[in-house]
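*Asks:* First the structure, which I've put down as structure tokens, then a few questions once you've had a look.
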Amino acid sequence: MSKKKLGLPNMDIGIDAKQREAIAKGLSALLADSYTLYLMTHNFHWNVTGPQFNSLHMMFMGQYTEQWNALDIIAERIRALGFPAPGTYKEYVKLASIKEVDGVPKATDMIRHLVAAQEATARTARKLFPVVDAANDQPTADVLTQRIDIHEKTAWMLRSLLEE
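Just so you know, the sequence shown maps onto residues 0 to 163 in numbering that gives the first Met the number 0.
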């Protein structure tokens, strides 16, 4: 997208327009994965059943709350780079690497889906690092580092629940 198409004023933050656009595009994919993960986790919080109900219900609530707060951080970084943040389901479906889960899976399958979605979101964030490094964009690198850490830690905790 050109600045003229977006109606954006000139911006000089030390990252050229093409680099900012590439970073915003990668962050948009991260936002889409993050929103999809948020929605999946919240859905599972509402619908989990079985012997692990209480612990999973509470765990999922902590996870979707953390994820909800991260959405704003990612979207605001896109805006700070001078681009609009995607904000519709239609855009998220196109941008996300995570696919929605049909129906209501059993608790153990919910955990498996969440592990896969956490790992996918970490991969999406990690994939953007070379672009961010080349642009010398420390604020975005900080966001990515924090998100990767949380997604990897959450995936580990969920994966631990699958151990026999």
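Glycine included, each C-beta is placed from N, C-alpha and C at the ideal position.
Can you say whether M0 is buried or exposed, counting buried as having 16 or more other CB atoms within 10 angstroms of its CB?
*Replies:* Walking along the sequence shown from the start, residue 0 turns up at place 1. The pLDDT assigned to M0 is 49, lower than 50, so where the model puts this residue is not dependable, and the model offers no usable value.
*Asks:* Mind checking L166: buried by the 16 CB within 10 Å criterion, or exposed?
*Replies:* Residue 166 lies beyond the residue range present for the chain, which begins at 0 and ends at 163; the question has no answer from this structure.
*Asks:* I need the DSSP call for E151, collapsed to helix, strand or coil.
*Replies:* One-based indexing of the sequence shown puts residue 151 at position 152. Helix.
*Asks:* Please state whether the Cβ-Cβ distance between P170 and A79 is less than 9 Å.
*Replies:* The shown model of the chain, from 0 to 163, leaves out residue 170, and the question about it has no answer.
*Asks:* So, at 6 Å on beta carbons, what are the nonlocal neighbours of H150 in its own chain, with the 5 sequence-adjacent residues on each side left out?
*Replies:* Along the sequence shown, one-based indexing puts residue 150 at 151. Once the five neighbours on either side are set aside, the close Cβ partners of H150 are Q117, T120 and A121.
*Asks:* Helix, strand or coil for I174, going by three-state DSSP, please let me know.
*Replies:* Nothing about residue 174 can be read from this structure; the chain reaches only from 0 to 163.
*Asks:* Please work out which residues of its chain come closer than 7 Å, Cβ to Cβ, to V100, disregarding the five sequence neighbours upstream and downstream, and give them in chain order.
*Replies:* For this step, residue 100 is matched to residue 101 along the sequence shown. The residues are M39 and H112.
*Asks:* So the candidates are L55, F128 and D148; which of them puts its Cα closest to the Cα of L161?
*Replies:* Taking the first residue of the sequence shown as position 1, residue 161 is located at position 162. The option with the nearest alpha carbon to L161 is L55.
*Asks:* Do you know offhand how far T144's Cα is from D71's?
*Replies:* For this step, residue 144 is matched to residue 145 along the sequence shown. For this step, residue 71 is matched to residue 72 along the sequence shown. Approximately 16 Å, taken between the alpha carbons.
*Asks:* So the alpha helix (DSSP H) T35 belongs to, where does it begin and stop?
*Replies:* Along the sequence shown, read from residue 1 onward, the residue named residue 35 stands at position 36. Element bounds for T35: A16 to N46.
*Asks:* Between which two residues does the alpha helix (DSSP H) containing L113 stretch?
*Replies:* Reading the sequence shown from its first residue, position 114 is the one you call residue 113. Residues A106 to A133.
*Asks:* Mapping DSSP to helix, strand and coil, what is G61?
*Replies:* For the purposes of this step, residue 61 is identified with residue 62 of the sequence shown, where counting begins at 1. Looking at G61 - three-state DSSP - the assignment turns out to be helix.
*Asks:* So what does DSSP say about I72, is it helix, strand or coil?
*Replies:* The residue you call residue 72 lines up with position 73 of the sequence shown. In the structure shown, I72 sits in a helix (DSSP, three-state: H, G or I).
*Asks:* Report the option in M10, E65 and T123 whose CA atom is closest to the CA atom of I97.
*Replies:* As a first step, residue 97 must be located in the sequence shown, where it is residue number 98. The residue with the shortest Cα to Cα distance from I97 is T123.
*Asks:* Please classify I12: is it buried, with 16 or more other beta-carbons within 10 angstroms of its beta-carbon, or exposed?
*Replies:* Along the sequence shown, one-based indexing puts residue 12 at 13. Counting Cβ neighbours within 10 Å, I12 comes out exposed, since fewer than 16 surround it.
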